[in-house]
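Take a look at the structure below.
2 protein chains.
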Amino acid sequence: MKKYEELSGFLSLKPNEQAEFDRLKQIIKNAHLKNGFKTYDAPLMFREDALLAKSGGDTNKQVYRLEKGDAKLAIRFDLTVPLALFVANNERELAFPLKISQINKVYRGEKTQKGRLREFYQCDADVIARGDLPLEYDAECIALADTICSELLTDRADFTIRVANRRLLNGFLESLGLTTENALRVRAVIDDAEKISAADFAKELEKCGTTNEQFQKIKDFIELKGDNQAVLASLSALNITTDEFAAGLAELKTVMQNLALRGVKNAQIDLAIVRGLDYYTGTVFETNISGFENYGSIMSGGRYDNLVANYSDAKFEGVGASIGLSRLYEVLVATKITEIKPSGVDILFVPITNDAKTYEFCFTQATKEQKSGRTTDILFSDRSLSKKLEYAAKSAAKSAAVIGETELASGKYTAKPLR
Amino acid sequence: MKKYEELSGFLSLKPNEQAEFDRLKQIIKNAHLKNGFKTYDAPLMFREDALLAKSGGDTNKQVYRLEKGDAKLAIRFDLTVPLALFVANNERELAFPLKISQINKVYRGEKTQKGRLREFYQCDADVIARGDLPLEYDAECIALADTICSELLTDRADFTIRVANRRLLNGFLESLGLTTENALRVRAVIDDAEKISAADFAKELEKCGTTNEQFQKIKDFIELKGDNQAVLASLSALNITTDEFAAGLAELKTVMQNLALRGVKNAQIDLAIVRGLDYYTGTVFETNISGFENYGSIMSGGRYDNLVANYSDAKFEGVGASIGLSRLYEVLVATKITEIKPSGVDILFVPITNDAKTYEFCFTQATKEQKSGRTTDILFSDRSLSKKLEYAAKSAAKSAAVIGETELASGKYTAKPLR
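These protein sequence lines map, in sequence, to chains A and B. Convert by adding 3 to the 1-based position in the first sequence; the result is the number in the numbering used here. Convert by adding 3 to the 1-based position in the second sequence; the result is the number in the numbering used here.
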């Protein structure tokens, strides 16, 4: 018979895979909750005009739309816009700064490319203030990213959180004498720099109308590397006098100092980081696994200061860190940083005969084992014992306790390891 | 400024409400995992023809449809059909009996009635066999429902799990000499019996062409009450000879005996239970909160034996128990069986001054507290101490530790309870 043809871009994990996925998800959730982030579980659908009010061309093409009755609806493509709407609608009842954890699926109907998912988990931690949000929260989000990445990657891989600042970059481009429009185009080229060759990078910048001198300065700027203190000193030594540059540099300094105080060692200033999304206004960051940079950023985020604007007169500032967990799961499996392990119960009880006494014994013992924190299962089956034990292995149970006359008589049983 | 107009039927809970919701959800999830159910996280969307292949008129009207490229898609309206498709597509790799836990949202675009949700959580535990599934698994699902309801309702409310059997009912209706078509119509009237008056019940049955004698027999049948053993004896005493009746009675006996062995006290035979959905084929059950029967069933399920049929040549038998958690949450809050409590961190650190030393102290102590299992937060703010403490209260923190010179000098601090 013909099987159901699954939709591409939608994960449908088997039990052992799902168990590993859930373990990773739980690490993220625990880190969020431990640090005072509260859960928000957004609706899936919104009125289309509200969801897409601030989004650009790509999002417009990717979003899933639907109609029901008179309403034009759209399915969330990220978790930030739903959060912004929630905050705008409930500002009087919420305590600010508001720290919110969201672990939920989002939907983007992109043309299917290899590895591109249409349904995927985002795990977002956001801090939102009504009014000014101190830069310490930018550092908190990066520190949280650091904790989470350490726990997800364990000691199997190192990682770097690459930190930059949009205002610093904008102020720098302004100091070159570029028009606002050209500066925006240059920013887009810098954002692409790692995906294109050096020659193409030069060519693309030339198309933006940059002179040789400007090109060299841009190249030097984004290639500034080294110890964070040294990079900050080099930036000061550039003697750039635009307000945005000064403000951005001060912000970056505060954030890096706070990260040092927190003992975060994996955060490194990297001025090549732009973050494509237009709504970022200050701190931006991305995270790469060392040796697997080609997989792209596994955790990223930044500061956005106007997202709630369409639905509230108040000014809200926010900063957040987001993990695309479905993609990260695939990366961790592909790189063997994580493994799919058998994920059955701790003890599978296998009654030899199907009578009341044997069952009752199994029920009593299973309850006891569960009270001691173990997971249990009881196999009900008319098949032979050897078939039952075949099932025990295939179900990935960690141990099996065969229950027969001996066990009933003695009241004792042995859970024999199956691996 | 105009607020965003939320879609009706979609919950959007505030932090304290969400925390209580999550606590209830975790109780269900733990019960599933402890008993060897493995997680399946279904895709949201499916090809429309596959999702709706077995569904009737109501579902067809309620389902959310959308198009993307050439594909006609539909959003899941329950978790059983997605599971059936998953099983059909992966039967070779799965171990049967397969025990699956699903806690996920489903979508039904009903006309908005008061209390009707369009987006809601279903928490399903299903056992699926390739071939025959022993009746012990029907009992297991009911026992699981019993455990979960006890934990959700605590000692604030009693509940009854009302158990019946479709084959028994079908065999009984057959014994009355009703045509198959009339029997189906009578079954629908019995399903409605609790929602309509006695007079309407009689009228509706008359419309199905029942004689006075048949009416009386039906009424007696569904009103058979009492101790489970007594009801089983009364059913035997009816001396009904149809095969379906005998088979249904034997099934019901086995299930009730197994429940007794497990010590389940809240399960009661109730022959008025039909379960509207057509796909049930044997055991069916519903659960009511004592004193709040008007809220309807909070947990229900049953056996379905042909759900995978469209996509596999093999025969799969299944049984499951499902909770509509979003609705149950509303019921538990409305009946005050559960309460929305403040849900902030265990300790909120409040630095008096914003300097490196104070911050560093807070970071170190927060890390220590987290290692002892406490949740923490640190308030970064330029505002006055009294404003900071206002925030502490509004954020629902359980205690606040104000950190100033004294604390830095002594290295000690007190977390003062805020409630």
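Where is the CB? At the ideal position from N, CA and C, for every residue including glycine.
Proximity winner among the options, relative to residue i (alpha-carbon distances)
i: Thr83(A); options: Glu209(A), Tyr67(A), Val130(A) and Thr417(A); result: Val130(A)
i: Ile301(B); options: Ile193(B), Asn309(B), Asp127(B) and Leu55(B); result: Asp127(B)
i: Gly231(B); options: Asp203(B), Ile193(B), Leu274(B) and Ala359(B); result: For the record, residue 231(B) in the displayed sequence is Asn; it is not Gly. Taking only the C-alpha atoms, the option nearest Asn231(B) is Leu274(B).
i: Ala403(A); options: Ala369(A), Lys374(A), Arg386(A) and Gly376(A); result: Ala369(A)
i: Glu367(A); options: Asn92(B), Ile103(B), Phe99(B) and Val267(B); result: In the sequence as displayed, the identity of residue 367(A) is Thr instead of Glu. If we check each option's Cα against that of Thr367(A), Val267(B) comes out closest.
i: Val348(B); options: Leu101(A), Glu51(A) and Glu96(A); result: Leu101(A)
i: Asn313(A); options: Val90(A), Ile31(A) and Gly39(A); result: Val90(A)
i: Gly321(B); options: Phe99(B), Lys360(B), Asp52(B) and Phe383(B); result: Phe99(B)
i: Val376(B); options: Ser398(B), Ser387(B), Ile350(B) and Ser389(B); result: Correcting the residue type first, residue 376(B) is Gly in the shown sequence and not Val. Out of Ser398(B), Ser387(B), Ile350(B) and Ser389(B), Ile350(B) has the C-alpha closest to the C-alpha of Gly376(B).
i: Lys371(A); options: Gly304(B), Glu9(B), Pro18(B) and Lys37(B); result: Lys37(B)
i: Leu54(B); options: Gln271(B), Arg68(B) and Glu177(B); result: Arg68(B)
i: Ala146(A); options: His35(A), Ser384(A), Gly12(A) and Ala74(A); result: His35(A)
i: Ser178(B); options: Asp52(B), Leu138(B) and Thr245(B); result: Thr245(B)
i: Glu51(A); options: Gln65(A), Glu209(A), Phe218(A) and Glu8(A); result: Gln65(A)
i: Ile406(A); options: Lys397(A), Val353(A) and Arg386(A); result: Val353(A)
For residue i, the three-state DSSP class (helix, strand or coil)
i: Ser237(A); result: helix
i: Asn93(B); result: helix
i: Asn242(B); result: coil
i: Glu197(B); result: helix
i: Arg121(A); result: coil
i: Met259(A); result: helix
i: Tyr332(A); result: helix
i: Lys17(A); result: coil
i: Ser402(A); result: strand
i: Tyr110(A); result: strand
i: Arg169(A); result: helix
i: Cys365(A); result: helix
i: Gly174(A); result: helix
i: Ile343(A); result: coil
i: Val192(B); result: helix
i: Phe211(A); result: Phe is not the amino acid found at residue 211(A); the sequence shown has Cys there. If DSSP states are grouped into helix, strand and coil, Cys211(A) belongs with coil.
i: Val130(B); result: strand
Below-8 Å beta-carbon distance, residue i vs any chain A residue
i: Tyr332(B); result: no
i: Glu408(B); result: no
i: Gln232(B); result: no
i: Glu96(B); result: yes
i: Tyr362(B); result: yes
i: Leu392(B); result: no
i: Thr244(B); result: no
i: Val348(B); result: yes
i: Met4(B); result: yes
i: Glu9(B); result: yes
i: Ser384(B); result: yes
i: Arg68(B); result: yes
8 Å Cβ cutoff, residue i in contact with chain B
i: Val353(A); result: no
i: Met48(A); result: yes
i: Thr378(A); result: yes
i: Asn93(A); result: yes
i: Tyr307(A); result: no
i: Gly39(A); result: yes
i: Gly112(A); result: yes
i: Thr42(A); result: yes
i: Leu1(A); result: The structure shown does not extend to residue 1(A), since chain A is modelled only from 4 to 422, so the question has no answer here.
i: Asn269(A); result: no
i: Ser153(A); result: no
Cβ neighbour criterion (16 or more within 10 Å) applied to residue i
i: Arg159(B); result: exposed
i: Thr417(B); result: exposed
i: Glu247(A); result: buried
i: Ala191(B); result: exposed
i: Glu410(A); result: buried
i: Ser315(B); result: buried
i: Gly304(A); result: buried
i: Ala270(A); result: buried
i: Lys391(B); result: buried
i: Ile272(A); result: buried
i: Asn168(B); result: buried
Open item on the list: Within 8 Å, do at least three Cβ pairs link the region 8–27 of chain A to the region 80–97 of chain A?
Closed with: no
Task: Meets three-Cβ-pair contact criterion under 8 Å: the region 341–355 of chain A and the region 292–312 of chain A - done: no
Task: At least three beta-carbon pairs within less than 8 Å, the region 283–295 of chain A to the region 243–260 of chain A - done: yes
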